[in-house]
Structures are given as C-alpha cells and as structure tokens.
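Just below is one structure, and these are the notes that go with it.
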Amino acid sequence: MEYNFEEIEKKWQKFWNDNKIYKTDIDISKPKFYVLDMFPYPSGSGLHVGHPLGYIASDIYSRYKRMKGFNVLHPMGFDAFGLPAEQFAIQTGQHPAITTKQNINRYRNQLDKMGFCYDWDREVQTSDPKYYLWTQWAFLNMFESFYNKSQESARPIRELIQHFEQFGTKGVNAAQTEELQFTADEWNSKSDKEKQEVLMNYRIAYLGITMVNWCPELGTVLANDEVINGLSERGGHPVEQKLMKQWCLRVSAYSQRLLDGLNTIEWTESLKESQRNWIGRSEGAEMVFDVLNSNSKIQVFTTRPDTIFGVTFMVLAPESDYVPLVTTPEQQKEVEKYIETVKHKTERDRMIEKKVTGVFTGSYAINPFNGTKIPIWISDYVLAGYGTGAIMAVPGHDSRDHAFAKHFNLPIIPLIEGCDVTNESFDAKEGIMINSGFLNGLSVTEAIQTANKYIEDNNLGHIKVNYRLRDAIFSRQRYWGEPFPVYYENEMPSPLPFAQLPLELPEVDKFLPTETGEPPLARAKKWNYMGFPLETSTMPGFAGSSAYFLRYQDPKNENALVSKEANDYWRNVDLYIGGTEHATGHLIYSRFWNKFLFDTGFSCEDEPFKKLINQGMIQGRSNFVYRINNDDNCRFVSYGLKENYDTTPLHVDVNIVENDILDIEAFKKWRPEFEKAEFILENGKYFCGYAVEKMGKRYHNVVNPDDVVKKYGADTLRLYEMFLGPLEASKPWDTAGIEGVHRFLKKTWRLFITSEGNLKITDEEPTPAELKILHRTIKKTEEDIERFSLNTAVSSFMICVNDLTELKCSKRKILEPLLIILAPFAPHICEELWFFLGRSHSVTTAQWVDFDPKYLIENIIQYPVSFNGKMRYKLEMPADATIEAIEQAVLENHQSQKWIENKEIKKIIVVPKKIINVVVSG
RNA sequence: GCCCGGAUGGUGGAAUGGUAGACACGCAGGACUUAAAAUCCUGUAGCCAUUGCGGCUGUGCGGGUUCAAGUCCCGCUCCGGGUACCA
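Numbering (my numbering) for the first sequence: 832 to 1753.
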C-alpha cells in the first residue's frame, strides 16, 4: 500500500477539527507558552507559497512546545480592514464587508489544508464590531489620558485638570504639543471650550493641526511608515505635505521607553536597530541666538555645539514661525516667492531634485559665543517638524550646510586640525579643534562637553534630547476602517459614552468622498449622536492590529478587552513570527499601544512580544522562454542555444515548467498565439531560463500552496518549506528539491508498511546501533527546533530514516519515538502511522520523548591527529580515556611514524572528543 | 550618504575556532523491468594519480592572530535589505 497523503490528510484534519484537539483553555497546572503569527490581511489573490513559511515554523514550534508539556496558545485571525477592499468597493459598488468575508473564507480554506494547530475558537477579525469595540475603547482611554513624564506613565486627564485648578501649569511635567503657561486663576476663568482646547495639548489621543502626508489620489492622509520614497505604500501614488486637523496619538511621549524596552526583548539586532533609527534619539543642545536690531530670538537645536565657532549662517525651515519675524521689508517679496514654490513641491519632487535652493531673509543673528554677525537664510533642507525648525549652519563640518554655502558663496571655516574643507565638509566627530576660541586644542568629544557646559553656565540655552519619532497621525479619510467614537458639540470633540460602543460603520450609497471633499462617512444618513455630528474619518490600518494579541487571550469577553485572569495567565507573546516589513509600523505602534494599556492597568506586561523571529521573504522564481525575433513560424529556442539567435525573453507560467524544462504541450495551450509554436530543443528538451523576482501575477511566477498540497500533500509542503533554507533568509521558491522531501516521507511510510499494505512493525528489542540512531536524532531535533534551525532538523530526519532503512529496522521501540519527534513537522502522516501502531490518542498531543545520553556517547572515539595543523592519521581511543593517556598514545605512535622521527614534539594539544594536535619542530 | 545583513560545488544549503561541502536537488553509471514509471545501489568541489595506498589546491579579494580560521581581527570588492536633507 502506497502513501496516500490525500486521504490521510483529509482524515486527520477532520479528526482534529471534530475532536477540537487544539482547543486551548487556561490550565494553571501547566506553564503557558504563547506562539503568535502576524495575522494576514486577506487580499483578493489568496495565499501564495511564501505566506505559510512563518506559519509552518510557528506551527512546528507550537506543536513541539505542547508535546514538551506547555499549555500553548496558538491563535489566528484576520487583519480585515484595509485599502484594497475599499478600492474594489469604489470600482464595483460591492460592499467591502462582502469582499472581505469572501477573502477570509478563501484564506481559511487554504490554511486549513496545511494542517495547522490553531485554536480557531479564538479567531479575531478586526472588522468585526465585537472586536473593534475594543479598538474604539482603547482610543477613548487614550483620549482621557495624558502622559506624566515625572511618573513615566499615562495618567487620567482628570489628574491634570485638578492640577490646573490648583496650580496652573506650574510643576506640570507632561508630554505636550507646545509649551503652555498659565496660572490656576487663568485656568479657572477659561470657558469650557477654551479648557478643552488646552487639554488637547496634553491628551494621548488628540486632535491636532499638523503637517500630514496627503495623498490626493487616495484622498486620505498617511502615516510616515505608509509613505515610501515619497510615494504611498499602497498604490505608489505621490504624496504631498499639507497642514490639516487630524486625530493623532502621542507616540512620541513613549520614545524613551520604546527605546529602552528594546534592551529587554529578544529580537534580532537588525530589527532593534531599525527601531532605534526610527525613534532616532539624539542628544544635543538647544541654543538661543539674538537677532540683530530686533527683539526676536531664534532657538536652534544642534548635536555639535563644539562647532559653534564655525557657524557662518543660519537656516530656517520655510514653514517656520520665525520666518515672518525676521524677514525684512526689502526681502519680503523674494521670501514669499520662495515659500510659494516650496509649497507646491511634493515630497517626491524634493527628493528627486536634490537641488540646493534658498533665500536670504535680510536679517542677521548674533553668535552667542563670539558675537559675530551671521546671515539668516530660509531653505527647504531644514525641516519644520524636527528640533526647532531652525539650525545654525556649520559648512565646514556638515555636508548639507557645505552644499548650501558653496551654492550661495558663504564662508566655510575649518575647525579641525589638518582637514581640508574647501571641496567637502568633514562630518566625522573626531580630531582636535582649531579656530574655536576657548575650545582650541580639545578633542571633539571634550569640546562638545565643554561647549555644553558653557551654554548652560551662561544661560545661552540648555541640553536637550530630541527624537525623530513623530506622533502617529490617526485619521484616514476612508470608509473601510474603525469609526471614531467621537461626536462634535460646539465644534469640540466629545467622547461617546462607553455604553454606546461599538459605534458601527454606517451604510453609505458610495464609498467615495462627498462633493465637498468630506470623507465617505459624511454620506451616511444618520451619522450623529443626539443630534450632534459624529466624526467622519476612520482609524488607520494599524489600529486594529495594535492589541489583537491581547484579544486572543479572551476573545469572547464582552466586558473587557481581556479579563484580568486571562491576561495574568497568558501575559505576553513568547514567540512572534512575521516579516520585517512591519519593523517601523505595526511593531512600533503595538508596542506603544501595549505600553499605554500597561500604564492604565489593562495589560500586565510592558513589552508585548518577548521573542521575535523574522521569516525571510519567499521570492518568485520566474521562467523564461526565448522567442526568435522576426520569425514567421513563431519559434522558441532552448536556453542553451539562445546565443545563436536574436531572441526576446518572455515570462512563462512557472506552473507549466518543471526543473526548468518546459511542458511544450501545456505551453501551446497556455496562450492561443502559441498554439502553432515550434521549438528548437536541446537533447529533446526545451530548457527555460530563470530569474529571481518578487512573487507576483505580472511575472507569472505565483505558486499556489493548494497546487503543491494537491500534488505532494501538506506534510511535504511543510517539510519542504522548512528544508528550503534558514527560516530568516530570503530565498526563491524553487520546486526542484521537493521530490527529495516527498521521497523521504514515502521512505518513512515504507519503514512501517509493506508494499502489500501489511504492518512491518516488530516488537524485537533494538540493537545499540539502532538506539544510537534514534537518540542522536532526538537530540538533534530538539536542539534544532530550539534554535529555529528547522532546515537542519529536516535533514536529520532524512539521515535517520536512511540509516534505519539500511538496517532494515522496523522495530516498534525505535519507530514509535520517531513518530513523536516527527509529528510537529509532518503531523498527518505521523497520526496515520501512529494509528496503525494501535495507539488511540493523537500523536500530536503525545508526550515528547527525551533522549538518553547513554546512547549518544561513542565507546571508541576516533581522534584525527594533526601535525602542525595538517591531518596525518586517526587514533582510536576509549571514550573515557584521560588526556594523559591520549598524550602517551601519541608519543608511542610517534616513534612508529618514520616520516616524523627526526622532529621534536613541542606540544600536544588534545581537544576532548575532537582532535589531537601535535606541534613539532621545523 | 548612513545603518544592518550576506558571499562556501552545477544548484539550495551544512559546519559550538578542530577531518569544509552534512542533507537534498541535478548529473553520470548500474540493478530490477519487454519497456516506462516507481524503487534501490554506486559515483559526484577542482586538478593530478586512478592496475597502488594517495597527493596538491580550495569557503569573494588582500593582510593578520592561532598549533589549527569558512568561523576571530584589520583593510577592500561585489550583492541584498532598511533608511534618509533628523542638524
């Protein structure tokens, strides 16, 4: 009887499902382990073979941990709000909820075929009102909170109000949009509306007027991480800067904690580094410059206060509030003209042009260190959103300032001994200071410290830490997202009472903005609360994915996001697997979101994801055929012969190519125009060329996991995806090796079952050699799973089965444990064979077998003996031989080795169980 | 520009500083078969010797540390990813 994977897999998937084998509940008698996959956005094109890579790895790990005695939480769900469904709705009028539901069903169907051990009873869908109630709830909590920097924690906004009532802003140390100052009396005499406006300055979820990335094509604003190279992440449309009133989350308040937290979690260095760069902490000084003949003062931020003697001009951002203060009447026209041109440039234009532009304001500032007069310019290379929107320019030691100085012919002063700054600035923080007054002779590091001290001592400014991390813009002018639980009274936002949640998405006639440019929700008929209009924008994609890992812990709870009990037990994610593309989006936002919930007592851990593994991308492997140009017969030439002709390469569907050999008949049917195609073959075959490209429809290189499952079975797909290479590496999908993995499963099958379908298994006692094979494999499998080296784990199974086949070993005492350790990788076939062995319960819930070290030690160890690093012969020694005995044996052996007799042994190095190295003279 | 990775046979890839190339694909040869498929066996880094055991060279390039380097250190080259006027 042959290995009939199709039947077996269907049977056991049904068995697991019917018996709810993977249903998980709190069990305080067992240690918990939480394994999470980044849940997918269910796109219309379904899963391709790259998606399950991480899911397979996490599935193997979950199954392994469960067998090791852990209570494993391994849930799955769908990130169901998103732009593609909405775009589709705009085109077709089909409600996004319907499209989304269809896509989810398709995904679910595909996932189910791969034999994952998810507890589907815990499924969450972010577009489900029962789920997004808790997204809205969290938003309201953020609205009702501010960040107390002294306590390093979010606190209820009423604490701040009480403080204002008693002391005004005195003693307030809170994260804020701008610095405010008022007394208690002033606060108490403010109108309600005025008070609300002030509080917006502090709330963690606040309505703010900020420069946003506006994408006219999509008709919505985008967060920084949704803009790539000045184009929208979705669709690649140009993005411009625009001042708009938007909901924002005060993520920046958590900058330092987000940075510090990285040291407490097990993520890859590169991912932590990305986050550190994104947070962008920089220490420097904020310094005040007086403006000549004016009362104005300009504050700048610099990380190089040591270079102050090299400041030859100052630059303001075009949007800076300082601009009107310092522009002289003579320069007014020029400045206005410049600002106008800058406004019309998109982010992308700026990047592509990279032209140096700017305009002089007519004013001068005074260098506070030496009193020199420095011209104040305006240029778009200075960003309004960072620091103070104004810089002191040091062309000698900053490349951007240098380019500007060159262009406008401004002086450049070298400040470091021995450097030439005529053609290039010297940006490195090293060397000895010159031309710098009292800083002369100091090293750069010393000079920075000395200058900082001088600034503080002389009241010229203060030391300041700046972060690049911006507050998250939280409004989207779209339909398919969570509505804000907010209504407007007197034009001031008020939160909906919790009892009114969830605020469900209303029906609209079209999914487009209104004629007046309002978001789609403005089309809804009854979009108000007690007569007051409701907010018409919706939340962004990351809202629903920011706390989903907590909801899985208690998905059906109607009274809380997660009960205290469930959260105390499941805590945070022990292992999170997903792609690197979320490094600066989801993984920042959800850390922020969780920290907020931690502060407010709803999450018991400060960091949501303890260990994170990034699975690599699976790229497509495209195939090409070569059509001969200007050929009447539509001929194609095989890859190896194409140099003899003038050809055009054409992408060909990889599903009609096997091992780069084209299925000619299938090709003729693929496209009508190829029906009469002729082929110039090599050895009777047509070989295709190949290239590694992104997996996508346009390259005809999409491989659907369903097809692979159909052909080889889920167990083969699982093993093969792991076997392909290291989990974290990017690699192309190449079916060339899949036969080998499939062959391994067939071999395993044959260890148990004869070709007639009889059970081969005997109850004979295993030999030491067989036990050695088994225990070696158990040990290796454990080690490999623990370090996520799943490709080598698969290899070790192959070696094991090959060895057992060679020994014709079909002994129960060997094969039963083998099934247990193979079960996480290939659960279906193991269940079937386990069943044949007469075992009743599921092998996937069996207890893991521990290896017995006594079968691992070799009785005799063969030591390679090397002389001066060169291998000479092998010396056999008992495993328990002492180092002295080994040395003695080498010396004795030395005498019988003629070729070395006139050389003197200087040293004998014995590496236990590894090698003996003999150092000889000459 | 900056920050991270990476470079090993024809291919994907193994190697806690200790016999480089595990395992798999592919290829070649063989067995079984009327034949094919399936299955099994042998060989497979390169070069030389293969009716001798074997020898030499080899982990992108150039140096170094070490008895011993794919692995550690210094200097390059190329490839991949992230990020960018962040002062």
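Using N, Cα and C, we set each Cβ at its ideal position, and we do this for glycine too.
The beta strand (DSSP E) enclosing residue i, as first and last residue numbers
{"i": "residue 1445", "result": "1440-1445"}
{"i": "residue 923", "result": "Run containing residue 923: none in the beta strand (DSSP E); it sits in the alpha helix (DSSP H), 914-923."}
{"i": "residue 1743", "result": "No beta strand (DSSP E) contains residue 1743, which DSSP labels as neither H nor E."}
{"i": "residue 1068", "result": "That residue, residue 1068, is in no beta strand (DSSP E); it is neither H nor E in DSSP."}
{"i": "residue 992", "result": "No beta strand (DSSP E) contains residue 992, which is instead part of the alpha helix (DSSP H) from 988-998."}
{"i": "residue 1466", "result": "1466-1468"}
{"i": "residue 1128", "result": "1128-1133"}
Reduced DSSP secondary structure (H/G/I, E/B, other) of residue i
{"i": "residue 1453", "result": "strand"}
{"i": "residue 1696", "result": "strand"}
{"i": "residue 1618", "result": "coil"}
{"i": "residue 1433", "result": "coil"}
{"i": "residue 834", "result": "coil"}
{"i": "residue 1502", "result": "coil"}
{"i": "residue 1629", "result": "helix"}
{"i": "residue 1044", "result": "strand"}
{"i": "residue 1118", "result": "strand"}
{"i": "residue 1539", "result": "helix"}
{"i": "residue 1494", "result": "coil"}
{"i": "residue 1730", "result": "Note on residue 1730: pLDDT 49, under 50, position unreliable in the model; the coordinate value appears next. Helix at residue 1730."}
{"i": "residue 1487", "result": "helix"}
{"i": "residue 1141", "result": "helix"}
{"i": "residue 1049", "result": "coil"}
{"i": "residue 1086", "result": "helix"}
{"i": "residue 1311", "result": "coil"}
{"i": "residue 1342", "result": "coil"}
{"i": "residue 1672", "result": "coil"}
{"i": "residue 972", "result": "helix"}
{"i": "residue 1709", "result": "strand"}
Residue interval of the alpha helix (DSSP H) (run including residue i)
{"i": "residue 1580", "result": "1569-1583"}
{"i": "residue 1233", "result": "1230-1239"}
{"i": "residue 1549", "result": "1545-1554"}
{"i": "residue 883", "result": "883-898"}
{"i": "residue 927", "result": "927-943"}
{"i": "residue 1375", "result": "1372-1376"}
{"i": "residue 1663", "result": "1658-1667"}
{"i": "residue 1101", "result": "1100-1110"}
{"i": "residue 1648", "result": "1643-1653"}
{"i": "residue 1007", "result": "No alpha helix (DSSP H) holds residue 1007; DSSP gives it neither H nor E."}
{"i": "residue 1526", "result": "Here residue 1526 belongs to no alpha helix (DSSP H), and DSSP marks it neither H nor E."}
Cβ-based burial, residue i [other Cβ within 10 Å; buried from 16]
{"i": "residue 1716", "result": "exposed"}
{"i": "residue 871", "result": "buried"}
{"i": "residue 1642", "result": "buried"}
{"i": "residue 1296", "result": "exposed"}
{"i": "residue 1569", "result": "buried"}
{"i": "residue 1261", "result": "exposed"}
{"i": "residue 1732", "result": "Here residue 1732 scores only 49 on pLDDT, less than 50, and its place in the model is too uncertain to base an answer on."}
{"i": "residue 1324", "result": "buried"}
{"i": "residue 998", "result": "exposed"}
Cβ-heavy atom distance, residue i to the ligand ZN, below 6 Å
{"i": "residue 1118", "result": "This structure does not include the ligand ZN; it has no bound ligands of any sort."}
Minimum C-alpha distance to residue i - residue among the options
{"i": "residue 1176", "options": "962, 1378 and 1211", "result": "1211"}
{"i": "residue 1187", "options": "1196, 1198 and 1169", "result": "1169"}
{"i": "residue 1675", "options": "1691, 1667, 1654 and 1054", "result": "1654"}
{"i": "residue 1576", "options": "1604, 973, 1544 and 1564", "result": "1544"}
{"i": "residue 1741", "options": "1718, 910 and 1343", "result": "1718"}
{"i": "residue 1743", "options": "1463, 1694 and 1220", "result": "1694"}
{"i": "residue 1147", "options": "1136, 1120 and 1453", "result": "1120"}
{"i": "residue 1248", "options": "1287, 1138 and 1446", "result": "1138"}
{"i": "residue 1522", "options": "1513, 1484, 914 and 1557", "result": "1484"}
{"i": "residue 855", "options": "1507, 1427, 1383 and 1703", "result": "1383"}
{"i": "residue 1677", "options": "1534, 1665 and 945", "result": "1665"}
### Message
In chain order, what are the residue ranges of uninterrupted alpha helix (DSSP H) at least 4 long that sit wholly in the segment 1150-1217?
### Response
As far as the segment 1150-1217 is concerned, its whole alpha helix (DSSP H) runs of at least 4 residues are 1153-1157, 1163-1174 and 1178-1184.
inquiry  = So within the segment 838-868, which uninterrupted beta strand (DSSP E) runs reach at least 3 residues, ignoring any that extend past its ends?
reply    = Listed in chain order, the complete beta strand (DSSP E) runs (minimum 3 residues) inside the segment 838-868 are 863-868.
If you scan the segment 1232-1299 from start to end, which runs of the beta strand (DSSP E) of 3 or more residues do you find wholly inside it?
If one requires a minimum length of 3 residues, the beta strand (DSSP E) runs lying completely within the segment 1232-1299 are 1292-1297, in chain order.
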